[in-house]
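Residues in the sequence shown are numbered from 810 upward in steps of one, following the working numbering.
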Amino acid sequence: MNDLINIIFSEVNLVLTCLLLLLVVYWILTMVSGIDFDLDVDVDIDVDVDADAGIEGGNMDFQDVSNAEVDKDTVVGKRRQPLKWWQVFLIYFNFVGLPFMFTFTCWVFVWWFITVFTTSLTHSYDSSFGFLIMILAFIPALIITKVITTPFKNFFKNLNKDGDKAVDYIGRRGVMLSTVSEEKMGNAEVVIDGNSYNIYVKSLDGSTIAYHQEILIINKSKDNNYFLVQIYN
810 MNDLINIIFS EVNLVLTCLL LLLVVYWILT MVSGIDFDLD VDVDIDVDVD ADAGIEGGNM
870 DFQDVSNAEV DKDTVVGKRR QPLKWWQVFL IYFNFVGLPF MFTFTCWVFV WWFITVFTTS
930 LTHSYDSSFG FLIMILAFIP ALIITKVITT PFKNFFKNLN KDGDKAVDYI GRRGVMLSTV
990 SEEKMGNAEV VIDGNSYNIY VKSLDGSTIA YHQEILIINK SKDNNYFLVQ IYN
């Protein structure tokens, strides 16, 4: 048992082990806190370069990353130019079409398992050769992750196969979850019929709206990526 622990937390495997442990803690907190595993997040990869990670509004928090499902048809259909290499990469290895954190967790686990198993067999978990194995394991881990996660596409797609009734946010009140001003965007929480929704918002006139201020949703952006809001008086 001690030998296994020494291998898992060896110099070569320490980084991936810590990352995997963080992901385990994240999923435990997700289940305990009851965070919605929302699959209906509209993510548009075809945005300006200054947007963070290509996610709508360029202001994505940790919860959004875990829940975001990027639809391949949306990505390809909205573009007028060929996809960039990193977009093709995300689509091909199922980081698009499935909740990002689901695919990411599978990939890290597979990468960790291959590295630990191989370095254990070769007794290279504390040598330069072990680091080479870890780096090379990056590629087969992606391939195996694609194979493992592909069957889940239909599962997640059919979770809401009947569709949900569209929520009308215009005219609703909400509470800011971050501070926005000028062109900076943020998140807000809106409670409708007892259900809590997290939406992307931008100040209607560019004025500063502080964290936890109550807001009124005025309109939706032309690209349907965020809502224009003002302070509720």
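For every residue, glycine included, the Cβ atom is placed at its ideal position computed from N, Cα and C.
| Check | Outcome |
| --- | --- |
| For alanine 1019: DSSP bridge partner residues | According to DSSP, alanine 1019 bridges with nothing at all. |
| Neighbourhood of lysine 955 by C-beta distance below 6 Å, restricted to the same chain and skipping five residues each side | Phe902, Asn903 |
| Terminal residues of the alpha helix (DSSP H) in which valine 834 lies | 823-842 |
| Beta-bridge partners of arginine 982, as assigned by DSSP | Leu1025 |
| Coarse secondary structure for phenylalanine 964, derived from DSSP in three states | helix |
| Contact check, lysine 995 vs valine 989, beta carbons under 8 Å | In the sequence as presented, lysine is not what sits at residue 995; that position holds glycine. Against a cut-off of 8 Å, the Cβ pair of valine 989 and glycine 995 comes out as a contact. |
| Neighbourhood of glycine 980 by C-beta distance below 7 Å, restricted to the same chain and skipping five residues each side | Ile1026 |
| Residue burial classification, methionine 810 (beta-carbon count within 10 angstroms, cutoff 16) | exposed |
| Proximity to tyrosine 1035 [Cα-Cα], best of Gln1022, Cys827, Glu992 | Glu992 |
| Distance between leucine 813 and tryptophan 836 (C-alpha atoms, nearest Å) | 24 Å |
| Pairwise C-alpha distance: phenylalanine 947 and aspartate 873 | For aspartate 873, the predicted model reports a pLDDT of 42, less than 50, meaning its position is unreliable; a value from the coordinates is still stated below. Answer to the nearest angstrom: the Cα atoms are 25 Å apart. |
| Inter-stretch contact at 8 Å, needing at least 3 Cβ pairs: the stretch 907-916 / the stretch 930-939 | no |
| As assigned by DSSP and simplified to three states, the class of tyrosine 901 | helix |
| Span separating the alpha-carbon of asparagine 822 from that of valine 919 | 13 Å |
| DSSP state of leucine 907 mapped onto helix, strand, coil | coil |
| Near the ligand MN: leucine 830 beta-carbon under 7 Å from a heavy atom | This structure simply doesn't include the ligand MN, nor any ligand for that matter. |
| Counterpart residues of serine 936 in DSSP-defined beta bridges | BP columns for serine 936 are empty, so no partner. |
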